[in-house]
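Asker: Below you'll find the structure I mean.
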Amino acid sequence: MLILECPNCGPRNASEFRFGGEYKPRPQDPMAAGEEEWVEYLYMRDNTMGVQKEWWYHNSGCGMWFLAERHTRTSEVLKTYQWSSDTASGDV
Amino acid sequence: MPFRLIRQGFSSGPPPRMWRSQPLKDHYDVVIIGGGAHGLACAYYLATEHGITDVAVLDKNYIGSGGSGRNTAIIRSNYLTPEGVLFYNESVKLYERMSADLKFNVMFSQRGHLTLAHTDGAVNTMRRRAEVNQLQGVDSRLIWPDEIGRLCPLDLSDHPRYPILAALYHPPGGIIRHDAVVWGFAHQADKRGVHIHQQTEVTGIHVEGGKVRGVETTRGRIKTGMVHNATAGWGSTIATMVGLKLPMNTFPLQACVTEPLKPFLNVVVVSGSLHVYVSQSDRGELVMGASVDPFASYSLDSSLDFLEGIAGHMLELFPFLSKVRVLRQWAGLCEMPPDYSPLMGFTPVQGFVLDVGWGTYGFKASPICGKTMAELIASGRTPELIAPFRLSRFAERDLVGEKGAASVGH
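Those protein sequences? They're chains W and E, same order as listed. Everything in the first sequence is counted per my numbering, starting at 7 for the first residue and increasing by one. Everything in the second sequence is counted per my numbering, starting at 50 for the first residue and increasing by one.
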């Protein structure tokens, strides 16, 4: 059973959370972004086999969306943290 | 077949090999990555219909060790979109004559396929699916509890949490022996000169000037101008080797079987609301599957969550199974594209073609995928049947939206 550490509530069973997909920043300037950039943002995925930065939502708890770094082969969770413009910018 | 068996019983030598292990050549016309039903079917059709026999099929494990050996072996064509129905119907037709084509018994049992509707909304969807199916000439119709009761011993009382209001009945649907499909294709492809290389993992693909030049494997380098990505689960990993990003995520899908029981279930039963599909194998085991795991992963681990969930759902349908024990549980990898339709055909990299993104419904499509991909490789043109599934549909905003793709949960 996967245990995730919610930044608010501490370690909880993964069944309390909803998976939100891999982390992907929106185009910087939505109005200026071209067709190709939007297609890339909306549909294309890294689908990483390895450590992936991803969204989780604590739907049976505090209701927070937060980021996790998890190995997609072993399901080992390296860290979880609240999104902020600083934490989000670094690459995994 | 029986005479061959008897003759073999009296001879002292080892049984004949289904396929040989060959030395790895340094050049092939076509390299197919993935020795599952899709890849081997493509090799078979390249050899039989297009005379292309200088083909290598590479698998990092043994053939049929991925999705082809991990699915619940259900075959059907009662899909939701006309594109889907047409496509899978061609596949069912190929499965129907596969034992004769491959001269190998694949044990296709067209026992009928029931998709249950537990709500008024679901009844409407089933009615729509039945109409779309009938327009395409597929035997599929809506039936009511009295007829359902004659087909299988479901709990049809008023009391359950999910009452059974109606079902979509698809008589040509059924189950097959999935290993036999892989072995049959491998045997016939091998006989025609295709090289099957097991335990050969692809570690890189050489691209020069936008064209594929060769493949790097754990057993050495291969020069080739045509690489076919027929993997499941690792499709993105292979595509990354040519610098291509694909619109899909890999999720595990789990399944399990119970101990053998006396035959009581002569149809395949599927419930979308309950996330379960079940059939009884020839050995008497109940083969059950559900929807994909709740988060993306490349892990093949089994989880107790899944087992608890599916056991609860099975008991909604068949309360009398409460004392039956589960024998085995396993997982396979599924790539889910955002519109639940596969990615097939050419890519921006010349000489790199795709047959991936098959989600939870790849096995039932394998012969027609092999046939159309072989045609695409041999002719250099996209066959009409798979044109809707091209990779460029996302940029063209022409998604297919096959929500009937797996009759279970999206």
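Each residue gets a CB set at the ideal place from its N, CA and C atoms; glycine is no exception.
(1) Tell me the residue span of the alpha helix (DSSP H) that contains residue 215 of chain E.
(2) Take the Cβ of residue 137 of chain E as the centre, count every other Cβ of all protein chains shown within 10 Å, and call the residue buried at 16 or more, exposed below.
(3) At which residues does the beta strand (DSSP E) containing residue 266 of chain E begin and terminate?
(4) Thinking C-alpha only, which one of E:58, E:307 and E:337 is nearest residue 372 of chain E?
(5) Which residues mark the beginning and the end of the alpha helix (DSSP H) in which residue 94 of chain E is found?
(6) With a threshold of 7 Å between beta-carbons, can residue 63 of chain W be considered close to chain E, or not?
(7) Using 8 Å for Cβ pairs, my map puts residue 404 of chain E next to residue 418 of chain E. What's the rounded Cβ distance?
(8) Using beta-carbon positions only, say whether residue 236 of chain E and residue 67 of chain E come within less than 7 Å of one another.
(9) Sort out for me which residues DSSP pairs residue 71 of chain W with in a bridge.
(10) Suppose contacts are defined by Cβ-Cβ distances below 7 Å. Is residue 71 of chain E in contact with residue 64 of chain E by that definition?
(11) Is the Cβ-Cβ distance between residue 340 of chain E and residue 324 of chain E less than 7 Å?
(12) Cα separation between residue 333 of chain E and residue 311 of chain E?
(13) Residues in the same chain with beta-carbon distance under 6 Å from residue 189 of chain E, minus the five sequence neighbours each way, listed in chain order, please.
(14) Put residue 43 of chain W into one of helix, strand or coil per three-state DSSP.
(15) Compute the distance between the beta-carbons of residue 251 of chain E and residue 86 of chain E, then report whether it is under 7 Å.
(16) Report all residues from its chain with a CB closer than 7 Å to the CB of residue 350 of chain E; omit the five preceding and five following residues, and keep chain order.
(17) Kindly identify the DSSP beta-bridge partner or partners of residue 489 of chain E.
(18) Determine whether the Cβ of residue 280 of chain E lies closer than 7 Å to any Cβ atom of chain W.
(19) Which residues in the same chain have their Cβ closer than 6 Å to the Cβ of residue 424 of chain E, if we skip the five residues on either side of it in sequence?
(20) List, in order along the chain, the chain W residues whose C-beta lies closer than 8 Å to that of residue 294 of chain E?
(21) Roughly how many angstroms separate the alpha carbons of residue 313 of chain E and residue 201 of chain E, rounded to a whole number?
(22) Any beta-carbon of chain W closer than 7 Å to the one on residue 444 of chain E?
(23) In the DSSP assignment, what residue or residues form a beta bridge with residue 16 of chain W?
(24) Taking 7 Å as the threshold (beta carbon to beta carbon), is residue 401 of chain E in contact with chain W?
(25) Report back the beta-carbon spacing between residue 211 of chain E and residue 322 of chain E to the nearest angstrom; my notes put them in contact at under 8 Å.
(26) Look at the alpha carbon of residue 460 of chain E and the alpha carbon of residue 185 of chain E, and state the distance between them as a whole number of angstroms.
(27) With a CB to CB cut of under 7 Å and the five nearest residues on each side skipped, what residues in its chain are close to residue 363 of chain E?
(28) Please report the straight-line C-alpha distance between residue 161 of chain E and residue 410 of chain E, rounded to a whole angstrom.
(29) Less than 6 Å between C-beta atoms, sequence neighbours within five positions excluded: which residues of the same chain meet that for residue 291 of chain E?
(30) Return the first residue and the last residue of the alpha helix (DSSP H) that residue 181 of chain E is part of.
(31) Restricting to Cα atoms, I'd like to know which of E:268, E:146 and E:165 is closest to residue 156 of chain E.
(32) Counting contacts by CB-CB distance shorter than 7 Å, is residue 37 of chain W in contact with chain E?
(33) Need the endpoints of the alpha helix (DSSP H) that residue 277 of chain E sits in, please.
(34) So who's on the other strand from residue 379 of chain E, going by DSSP bridges?
(35) Figure out for me which residue from E:229, E:293 and E:375 has the closest Cα to the Cα of residue 259 of chain E.
(36) Residue 78 of chain W CB to nearest chain E CB: under 7 Å?
Answerer: The answer reads as follows:
(1) In the second sequence, the residue the question calls residue 215 of chain E occupies position 166. Unbroken run through residue 215 of chain E is the beta strand (DSSP E), 215 to 219; no alpha helix (DSSP H).
(2) Within the second sequence, residue 137 of chain E is the residue found at index 88, counting from 1. By the 10 Å Cβ count, residue 137 of chain E comes out buried.
(3) As a position in the second sequence, residue 266 of chain E is number 217, starting the count at 1. First-last of the beta strand (DSSP E) with residue 266 of chain E: 260 to 266.
(4) By one-based count along the second sequence, residue 372 of chain E stands at place 323. It is E:307 whose Cα lies nearest to the Cα of residue 372 of chain E.
(5) Counted from its first residue, the second sequence places residue 94 of chain E at position 45. Element bounds for residue 94 of chain E: 86 to 99.
(6) Walking along the first sequence from the start, residue 63 of chain W turns up at place 57. No - not a single Cβ of chain E is within 7 Å of the one on residue 63 of chain W.
(7) Start at 1 with the first residue of the second sequence, and residue 404 of chain E comes out as number 355. Start at 1 with the first residue of the second sequence, and residue 418 of chain E comes out as number 369. With a Cβ gap of about 5 Å, residue 404 of chain E and residue 418 of chain E count as contacting.
(8) Here residue 236 of chain E corresponds to residue number 187 of the second sequence, with the count starting at 1. Here residue 67 of chain E corresponds to residue number 18 of the second sequence, with the count starting at 1. Taking 7 Å as the Cβ cut-off, residue 236 of chain E and residue 67 of chain E qualify as a contacting pair.
(9) As a working mapping, residue 71 of chain W is identified with position 65 in the first sequence. Answer is W:63.
(10) Reading the second sequence from its first residue, position 22 is the one you call residue 71 of chain E. Reading the second sequence from its first residue, position 15 is the one you call residue 64 of chain E. No, the pair does not count as a contact, with Cβ atoms beyond the cut-off.
(11) To locate residue 340 of chain E, count along the second sequence from 1; it is residue 291. To locate residue 324 of chain E, count along the second sequence from 1; it is residue 275. Cβ distance < 7 Å, so residue 340 of chain E and residue 324 of chain E count as in contact.
(12) The residue you call residue 333 of chain E lines up with position 284 of the second sequence. The residue you call residue 311 of chain E lines up with position 262 of the second sequence. Distance between the alpha carbons of residue 333 of chain E and residue 311 of chain E is about 6 Å.
(13) Taking the first residue of the second sequence as 1, we reach residue 189 of chain E at position 140. Excluding residues within five positions, the ones whose Cβ falls inside 6 Å are 127, 179, 182 and 219.
(14) Start at 1 with the first residue of the first sequence, and residue 43 of chain W comes out as number 37. DSSP places residue 43 of chain W in helix when its eight states are reduced to three.
(15) By 1-based counting over the second sequence, the position of residue 251 of chain E is 202. By 1-based counting over the second sequence, the position of residue 86 of chain E is 37. For residue 251 of chain E and residue 86 of chain E, no; Cβs fall outside 7 Å.
(16) Stepping through the second sequence from its first residue, residue 350 of chain E is reached at position 301. For residue 350 of chain E, the CB contacts under 7 Å within the same chain, skipping 5 residues up- and downstream, are 380 in chain order.
(17) Since the first residue shown for chain E is 50 and the last is 459, residue 489 of chain E is missing from the structure and cannot be characterised.
(18) Taking the first residue of the second sequence as 1, we reach residue 280 of chain E at position 231. Residue 280 of chain E does not count as touching chain W.
(19) Position 375 of the second sequence holds residue 424 of chain E. The residues are 432.
(20) Indexing the second sequence from 1 puts residue 294 of chain E at position 245. Going along chain W in sequence order, the residues near residue 294 of chain E (Cβ under 8 Å) are 46, 50, 51 and 52.
(21) Taking the first residue of the second sequence as position 1, residue 313 of chain E is located at position 264. Taking the first residue of the second sequence as position 1, residue 201 of chain E is located at position 152. Looking at the two C-alpha atoms, the distance is approximately 8 Å.
(22) Working through the second sequence from its first residue, we reach residue 444 of chain E at position 395. Closer than 7 Å: yes.
(23) Here residue 16 of chain W is taken as the residue at index 10 of the first sequence, counted from 1. In DSSP, residue 16 of chain W forms a bridge with W:12.
(24) Walking along the second sequence from the start, residue 401 of chain E turns up at place 352. Not closer than 7 Å to any Cβ of chain W, the Cβ of residue 401 of chain E fails to qualify, so no.
(25) By one-based count along the second sequence, residue 211 of chain E stands at place 162. By one-based count along the second sequence, residue 322 of chain E stands at place 273. Their Cβ separation, rounded to whole angstroms, is 6 Å, which keeps residue 211 of chain E and residue 322 of chain E in contact under 8 Å.
(26) Past the boundaries of the shown model lies residue 460 of chain E; chain E is included only from 50 to 459, so the question cannot be answered.
(27) As a first step, residue 363 of chain E is located in the second sequence; it is residue number 314 there, counting from the start. Taken in chain order, the residues that qualify are 325, 327, 337 and 370.
(28) Counting from 1 along the second sequence, the entry for residue 161 of chain E is found at position 112. Counting from 1 along the second sequence, the entry for residue 410 of chain E is found at position 361. Rounded to the nearest angstrom, the two C-alpha atoms are 18 Å apart.
(29) As a first step, residue 291 of chain E is located in the second sequence; it is residue number 242 there, counting from the start. For residue 291 of chain E, same chain residues with a beta-carbon under 6 Å away, outside a window of 5 residues either side, are 254, 256, 398 and 401 in chain order.
(30) Within the second sequence, residue 181 of chain E is the residue found at index 132, counting from 1. Taken as a continuous stretch (DSSP letters only), the alpha helix (DSSP H) holding residue 181 of chain E covers 169 to 184.
(31) Counted from its first residue, the second sequence places residue 156 of chain E at position 107. Comparing Cα-Cα distances from residue 156 of chain E to each of E:268, E:146 and E:165, the minimum goes to E:146.
(32) Here residue 37 of chain W refers to the residue found at position 31 of the first sequence. Cβ-Cβ to chain E under 7 Å: no for residue 37 of chain W.
(33) Within the second sequence, the letter at position 228 stands for residue 277 of chain E. That residue, residue 277 of chain E, is in no alpha helix (DSSP H); its beta strand (DSSP E) goes 276 to 278.
(34) Along the second sequence, read from residue 1 onward, the residue named residue 379 of chain E stands at position 330. DSSP lists E:304 as partners of residue 379 of chain E.
(35) On the second sequence, residue 259 of chain E is found 210 positions in, with the first residue counted as 1. Comparing Cα positions, the closest option is E:293.
(36) Here residue 78 of chain W is taken as the residue at index 72 of the first sequence, counted from 1. With 7 Å as the cut-off, residue 78 of chain W counts as an interface residue toward chain E.
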